[in-house]
Structures are given as C-alpha cells and as structure tokens.
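Working notes, structure below.
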Amino acid sequence: IYWQWLKLSNEDGPSLASLWSTGTVSEIPTLKPFCSLVAEKKQLDKASRTLVLGNGMVRREWHNKAKLAKNFALLPNLESGDLNPHFAKTALMDLVEDAINYLEWVIVWPTVVQAVRSTPDGQSHLDPVIVLDRS
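Using the working numbering, the letters of the sequence shown map in sequence onto residues 38 to 172.
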C-alpha cells in the first residue's frame with residue numbers, strides 16, 4: 038500500500054492517502070491539529086485513538102528512508118516497529134481478524150449451502166405454508 042499510495046500526487050501536491058500512508062499528514066498546517074497527540078500513549082479514549090491513527094500508517098523515520106528508494110524492490114524492510122503503534126495494534130489486527138473470519142466462512146460455506154438445499158421445498162418446518170382456496 039505504501040508504494041502505491043506514495044505515488045498518489047498531482048500538480049497540487051500529495052493526496053490525503055499519500056500523506057497518511059507516508060506518515061506525513063502533520064506536515065500540512067491545516068491537518069496538523071488532528072495529528073497532535075503523541076502516538077506512544079498507552080491508553081486512549083476512542084476520539085483520541087482516531088486522532089492518533091490520523092498520524093499515518095508508518096513512522097516518519099521509516100518513510101524518510103523509504104522515500105529514497107528508486108523502486109518497490111529497493112524499499113527498506115518494514116518491521117512492526119516501523120508502523121504507527123496504534124495502527125499496528127488496532128486497525129491492522131481488526132483487518133487480520135476480518136480476513137480470518139472471511140476465510141473460515143469460505144471453508145464452511147459449501148456445508149451451509151448443502152444443509153439448506155438438502156430438504157425439498159415445502160418439507161421443512163421453516164417453509165412458509167400457503168394454502169390456496171381453489172373453490
């Protein structure tokens with residue numbers, strides 16, 4: 038994501054996605070107040086956590102090394118310590134858990150479909166009964 042979003046710029050400057058992925062949102066004066074919280078705080082309320090996530094995806098130190106890369110293959114190794122700690126511990130873990138849940142559903146889905154289709158229409162006690170008056 039970093040490499041692709043880093044390139045999202047035009048003559049007006051970098052996009053918000055580019056700023057966020059590179060951890061440089063606070064360099065824009067109008068956005069700096071939204072990034073003013075220190076990311077190393079251990080306990081944050083929900084609003085503060087959202088602001089800390091606004092600091093970006095990676096730490097500025099890693100970005101300063103990575104922006105010198107001429108291509109994707111030359112990017113420095115990205116360690117977990119190079120990520121915004123609140124992003125790594127919350128948002129990224131939510132994404133991983135969602136992916137795992139999705140894969141678990143993909144594995145059991147054929148069984149669910151088979152269970153639903155194994156009973157002929159009108160035979161299950163869950164099927165709606167429609168009585169038509171044919172007189």
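The beta-carbon is built from N, C-alpha and C at its ideal position, and this holds for glycine as well. As the structure is a prediction and not an experimental result, all values here were calculated from the model.
What separation, rounded to the nearest whole angstrom, lies between the Cα atoms of residue i and residue j?
{"i": "Pro122", "j": "Pro66", "result": "23 Å"}
{"i": "Ser117", "j": "Lys107", "result": "23 Å"}
{"i": "Ile38", "j": "Leu45", "result": "11 Å"}
{"i": "Leu105", "j": "Arg97", "result": "13 Å"}
{"i": "Tyr139", "j": "Val62", "result": "32 Å"}
{"i": "Glu134", "j": "Asn114", "result": "24 Å"}
{"i": "Leu53", "j": "Thr148", "result": "43 Å"}
{"i": "Leu132", "j": "Gln151", "result": "29 Å"}
{"i": "Ala144", "j": "Leu129", "result": "Note on residue identity: the sequence assigns Ile, not Ala, to residue 144. Approximately 23 Å between the Cα atoms of the pair."}
{"i": "Lys102", "j": "Leu68", "result": "23 Å"}
{"i": "Leu22", "j": "Gly50", "result": "As displayed, the chain neither begins before 38 nor continues past 172, which places residue 22 out of reach and without an answer."}
{"i": "Asn47", "j": "Glu64", "result": "17 Å"}
{"i": "Trp142", "j": "Ser55", "result": "33 Å"}
{"i": "Ile137", "j": "Cys72", "result": "31 Å"}
{"i": "Pro70", "j": "Trp146", "result": "46 Å"}
My assumption, with CB atoms under 8 Å, is that residue i sits in contact with residue j. Please give the rounded CB distance.
{"i": "Thr127", "j": "Val95", "result": "About 15 Å; that fails the 8 Å criterion."}
{"i": "Phe109", "j": "Trp40", "result": "5 Å"}
{"i": "Trp42", "j": "Gly93", "result": "With 8 Å as the limit, Trp42 and Gly93 do not qualify as a contact, their Cβ atoms being about 10 Å apart."}
Measuring alpha carbon to alpha carbon, tell me which of the options ends up nearest residue i.
{"i": "Leu111", "options": "His100, Leu120, Ser117 and Pro70", "result": "His100"}
Go ahead and pull the three-state DSSP assignment for residue i.
{"i": "Gly60", "result": "coil"}
{"i": "Leu140", "result": "helix"}
{"i": "Ser52", "result": "coil"}
{"i": "Asn101", "result": "helix"}
{"i": "Leu68", "result": "coil"}
{"i": "Leu129", "result": "helix"}
{"i": "Leu120", "result": "strand"}
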